[in-house]
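Residue 0 is where the sequence shown starts when you use numbering that gives the first Met the number 0, and the numbers rise one by one after that.
Written below as structure tokens is the structure these notes are about.
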Amino acid sequence: MKKMNFKVLFFAIIFTLSSCSTNSEKEPEQIGKQGFLMLKNISSSSKENYVANFLLIEEIRELGKNEEVIKDEDTRNELTSISKDKYFSKIEADYNSIKIEGLDYGINWNEIQYLDFIYNLKTEIGIMGCEGELYFKFNDKSFKIDITSIFNGKEYCLVEIEDLKLEKYL
């Protein structure tokens, strides 16, 4: 059996899961505001609360059992046996990176101001998704962070927030 790249597996999970956490919106324009609220509260909420906004390991394991959705046996085996620590390490790494970069930039998260969310809708492996850049400001500086979500047929589901950068907002 060949070794599967964890990042590929992570995105396969994201793009094939049909249920979402409580962080979901019907319109793609709302994804930026949803991500903004998560960032605004990042200093006052715990890492566990942040991680709870993403997919549950139980949902991933159930997905791995679904032969109608996941046709490849190796992928099903990977999904049903993935460890909670391994799965959430990516989400936690993004969280830690955002917090560290925020400290480096001197951001007081509860004082950030929303500027814009610029996004593109795209379809990958038959699932519609929304990839965007959230722009916000703190004091006289503007910042950008990447946000990814998927459409499950009813609503957009937030799946990733990463890569905080100091940015000139146009």
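Note that the Cβ used here is the ideal one computed from N, Cα and C, for glycine as well.
Predicted model, so just to flag it, every value in this text is computed and none were measured.
Q) Do Ile30 and Tyr155 have their C-beta atoms closer together than 7 Å? A) yes
Q) Quick one, which of Glu110, Asn119 and Ile149 has its alpha-carbon nearest Phe135's? A) Glu110
Q) Under 7 Å, do Tyr94 and Tyr49 count as touching if we go by C-beta distance? A) yes
Q: Hey, could you find the ends of the alpha helix (DSSP H) Ile160 is sitting in?
A: Ile160 -> not in any alpha helix (DSSP H); beta strand (DSSP E) instead, spanning Tyr155 to Leu165.
Q: Taking Lys121 and Gly131 to be in contact with their CB atoms under 8 Å, please state how far apart those CB atoms are, rounded to whole angstroms.
A: In fact, because the Cβ distance is near 11 Å, the residues do not count as touching under 8 Å.
(Q) Please return the same chain residues whose Cβ sits closer than 6 Å to the Cβ of Lys113, not counting the five positions on each side in sequence. (A) The sequence shown places Tyr at residue 113, rather than the Lys named in the question. Excluding sequence neighbours, Tyr113 sits near Phe35 and Phe135.
Q | Endpoints, alpha helix (DSSP H) assigned at Glu100 | A | Lys83 to Tyr104
Q: Look up Ile30 in the DSSP assignment and say whether it is helix, strand or coil.
A: helix
Q) How should Gly105 be labelled, buried or exposed, when 16 other C-beta atoms within 10 angstroms of its C-beta is the threshold for buried? A) exposed
Q) How long is the line joining the alpha carbons of Pro27 and Lys39, rounded to whole angstroms? A) 19 Å
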